[in-house]
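Down below is the structure, laid out as structure tokens.
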Amino acid sequence: MIAAWFSLWGSLPGWSRILLLNLSKIVAITIPLMLSVAYLTFAERKIIGYMQARIGPNRVGPAGWLQPIADALKLLMKEIIIPTGANKALFVIAPVLSIAPALVAWAVIPFTNHLVLANVNAGLLFAMAITSMGVYGVVIAGWASNSKYAFLGSLRSAAQIVAYEIAMGFALVGVVMASGTLNLRHIVLHQQGTGFWDWYFLPLFPLFLVYFISGVAETNRLPFDVAEGESEIVAGFHVEYSGMAFAVFFLAEYANMILVSALTTVLFLGGWLPPVAVIPFTWVPPLAWFLIKVSTMLFFFIWFRATFPRYRYDQIMRLGWKVLIPITLVWIGVIGTVRFFTPWGYLFH
Amino acid sequence: MTFEQIVFYFFSGVLVLAAVVVVTVRNPVKAALALVLAFFSAAGLWILLEAEFLAIVLVLVYVGAVMVLFLFVVMMLDINIAELREGFGDYLPIGGIVAALMVVEMAIILGPRRFGLAKVPVPQAHGATFSNTRMLGDLLYTTYVYPFEIAAAILLVAIIAAIALTMRRRPETKYQNPAEQVRVQRSDRLRIIRMPSEKKG
């Protein structure tokens, strides 16, 4: 049986074999990702529940474990209502534009030293460029809905994302200066040493903070979720969306959260490297370390949501332009000066 | 046709089509979105030329930031399309002359004498480890460092000018200084007064 499969594989033309291999790799990344998104929503509800001294969802399945599946089924059954006066084509395409970048950027994320779909030289730039396109889904959704609340939400989101992307870009400049490469795999390999004290989050600590805060802002998560702002503009850009169209926005938000956590892990927390390179830690497979780190960052996302009240809009703008961007600029100057004019340049590798 | 040619014709076809849509479609938001598509196709063509840094930066800067701000403005415009189309006949002769001149100029510059296949050789293909970004950086910060810095200074001046032109203090804004808000003490806001309790009736 297996031999028959192999002979069939061998008889295929070369290009189709590459195509099939790549397709199966993409499926192997996307399906676990979608499952993690589903269970991230469950984890969020449970964790916030415990933080607020309640137990969270516990009815569907054992201890509530089937809750995300039930939610997905419920949303699939619901009607997608297209409001009158809405721009139909754009209304339908907006959720797709929102989720596509959140999935595409995974192409360059190195899970371990060998487990990466596309090991491109400019991987970091690619990830940034793709994630910067996520805002179109929000902006188009707000405009196409023909609703004032949705429109306000999308305008807020556009201004916010442009502001925080600059801070994010500058934070990444620091990483590129330290590692001297744009290849995400090499950035992790540059952090290899004896343990966590070689990872970039220590020498680049201000940039690490700025990057993560900007990441939270870019994914429109609390305390930066003015694009939704349910106490002010109902549900912001997705007011008019129902059923699966709404669910796709929801999936995109959570997929983006996982993506930002994965990028933070790769850039600042040593990717798949163990925290201390000695025996019991090196036994753990690299992929497990990667997933542990990503989960920790995701926990922070949820923790923020349970802890912080929403920023006022002018406070968001002030934080982005007047606090985060100056911090990154100063630290880029510090990295450059220390590396080339002082004997402590090794601190930044 | 090789695979590269197919990709090239696909991207250039989409690029031309999107560019046509930008100027013909009536809705300004759709025009802006078509421009995004045009940028994206252009980035695809640059990737084909192994100029991956330029291609990605085109997407990052133009698609990710500039066009978002464009959309931001365009979405808030309340344009009456019928009014815009009113003077079409009057402007047609002048517009036609300008367009014809531009075509002639482009034909002179971009003709086969300067941009023919004989003049521009096929770019040399590089290996997978070749870093386009590093090459660009080396050139930009050594050979072209003065033009680069002059351009940066001009941009900085433009930023300052734009801010200076639009910045004004309006008396009706309720701007709050966060530092002041953080520094506030109980004594600034709260006054405890002694009141005798009610007399028993």
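Note that the protein sequences, when read in sequence, are chains Z and S.
Number 185 in the working numbering belongs to position 185 of the first sequence; there are no gaps in the numbering.
Here the working numbering = 1-based position in the second sequence + 349.
All C-beta atoms, glycine included, are put in the ideal place defined by N, C-alpha and C.
Spatially closest choice to residue i from the options, by CA coordinates
| i | options | result |
| --- | --- | --- |
| N113 of chain Z | Z:G137, Z:W272, Z:A122 and Z:W303 | Z:W272 |
| F246 of chain Z | Z:L76, Z:K25 and Z:L21 | Z:L76 |
| V378 of chain S | S:M425, S:R532, S:R462 and S:K548 | S:M425 |
| R185 of chain Z | Z:S231, Z:T41, Z:N121 and Z:F237 | Z:N121 |
| P527 of chain S | Z:W9, Z:I130, Z:Y311 and Z:I233 | Z:Y311 |
| L420 of chain S | Z:F151, Z:P110 and Z:A100 | Z:F151 |
| F340 of chain Z | Z:I2, Z:F6, Z:N146 and Z:A178 | Z:A178 |
| T41 of chain Z | Z:D225, Z:L251, Z:L8 and Z:W15 | Z:L251 |
| G193 of chain Z | Z:W9, Z:Y346, Z:Y39 and Z:L21 | Z:Y346 |
| A159 of chain Z | Z:R59, Z:G123 and Z:E218 | Z:E218 |
| L124 of chain Z | Z:I213, Z:N58 and Z:L263 | Z:L263 |
| V108 of chain Z | Z:L259, Z:T342 and Z:T282 | Z:L259 |
Residue i to residue j span [Cα, whole Å]
| i | j | result |
| --- | --- | --- |
| I443 of chain S | E435 of chain S | 16 Å |
| I332 of chain Z | V506 of chain S | 22 Å |
| V173 of chain Z | V188 of chain Z | 15 Å |
| K322 of chain Z | G56 of chain Z | 38 Å |
| P32 of chain Z | L97 of chain Z | 21 Å |
| A102 of chain Z | G486 of chain S | 29 Å |
| I508 of chain S | N220 of chain Z | 28 Å |
| V334 of chain Z | P326 of chain Z | 12 Å |
| M257 of chain Z | L394 of chain S | 31 Å |
| A53 of chain Z | A306 of chain Z | 12 Å |
| T351 of chain S | A400 of chain S | 20 Å |
| V175 of chain Z | V422 of chain S | 34 Å |
| A100 of chain Z | A467 of chain S | 42 Å |
| A105 of chain Z | V533 of chain S | 45 Å |
| V139 of chain Z | A70 of chain Z | 30 Å |
| N481 of chain S | G180 of chain Z | 14 Å |
| A511 of chain S | Y149 of chain Z | 30 Å |
| T573 of chain S | G476 of chain S | Only positions 350 to 550 of chain S appear in this structure, which leaves residue 573 of chain S out of reach. |
| L539 of chain S | P520 of chain S | 27 Å |
| A474 of chain S | V531 of chain S | 59 Å |
| V266 of chain Z | S231 of chain Z | 36 Å |
| L155 of chain Z | L222 of chain Z | 17 Å |
| A277 of chain Z | V294 of chain Z | 19 Å |
| L459 of chain S | A227 of chain Z | 47 Å |
| W5 of chain Z | L21 of chain Z | 14 Å |
| Y493 of chain S | F479 of chain S | 21 Å |
| L441 of chain S | A513 of chain S | 38 Å |
| S11 of chain Z | R17 of chain Z | 10 Å |
| Y358 of chain S | L73 of chain Z | 42 Å |
| L403 of chain S | M484 of chain S | 12 Å |
Beta-carbon separation (whole angstroms), residue i vs residue j, contact threshold 8 Å
| i | j | result |
| --- | --- | --- |
| F555 of chain S | L489 of chain S | Nothing about residue 555 of chain S can be reported from this structure: the residues present for chain S run from 350 to 550 only. |
| G134 of chain Z | G142 of chain Z | That pair is no contact at about 14 Å. |
| P472 of chain S | L398 of chain S | 6 Å |
| L115 of chain Z | L287 of chain Z | 7 Å |
| S352 of chain Z | L409 of chain S | No answer is possible for residue 352 of chain Z: the residues shown for chain Z start at 1 and end at 349. |
| S157 of chain Z | F249 of chain Z | That belief does not hold up - the Cβ atoms of S157 of chain Z and F249 of chain Z are roughly 12 Å apart, past 8 Å. |
| F111 of chain Z | F290 of chain Z | 6 Å |
| Y39 of chain Z | P13 of chain Z | Contact flag wrong, Cβ pair sits at about 40 Å. |
| L324 of chain Z | S214 of chain Z | 7 Å |
| G137 of chain Z | P95 of chain Z | 6 Å |
Other residues of its chain near residue i: CB distance less than 7 Å, five sequence neighbours each side excluded
| i | result |
| --- | --- |
| S390 of chain S | F360, V363, L364 and A367 |
| W199 of chain Z | Q191, F268, L269 and G270 |
| V284 of chain Z | P274 |
| I82 of chain Z | K88 and F91 |
| V216 of chain Z | F224, F301 and F304 |
| M297 of chain Z | S261, T264 and T265 |
| F308 of chain Z | L222 and P223 |
Spatial neighbours of residue i in its chain, beta-carbon cut-off 6 Å, leaving aside the 5 residues before and after
| i | result |
| --- | --- |
| A383 of chain S | A367, V370 and V371 |
| N119 of chain Z | R185 |
| A171 of chain Z | L207, V210, Y211 and T328 |
| S145 of chain Z | A86 and E240 |
| K25 of chain Z | L117 |
| A255 of chain Z | V37 and A102 |
| A380 of chain S | V371 and V374 |
Cβ neighbours of residue i in the same chain (closer than 8 Å, five flanking residues each side left out)
| i | result |
| --- | --- |
| M244 of chain Z | L75, L76, K78 and I80 |
| L407 of chain S | F388, A391, A392 and W395 |
Neighbour flag for residue i against chain A, beta carbons, 9 Å
| i | result |
| --- | --- |
| F126 of chain Z | Any reference to chain A falls outside this structure, whose protein chains are Z and S. |
**Study point:** Given 8 Å, three or more beta-carbon pairs between the segment 36 to 55 of chain Z and the segment 295 to 306 of chain Z
**Key:** Cβ pair count under 8 Å is three or more, so yes.
Exercise for review: Evaluate the contact criterion for the segment 202 to 210 of chain Z versus the segment 314 to 321 of chain Z: three or more CB pairs, one atom per stretch, below 8 Å.
Suggested key: No, because fewer than three Cβ pairs between the segment 202 to 210 of chain Z and the segment 314 to 321 of chain Z fall closer than 8 Å, the two stretches do not touch.
Exercise for review: Could you say if the segment 400 to 417 of chain S and the segment 162 to 178 of chain Z meet the contact criterion of at least three C-beta pairs nearer than 8 Å?
Suggested key: In short, these stretches touch, since the Cβ pair count reaches three.
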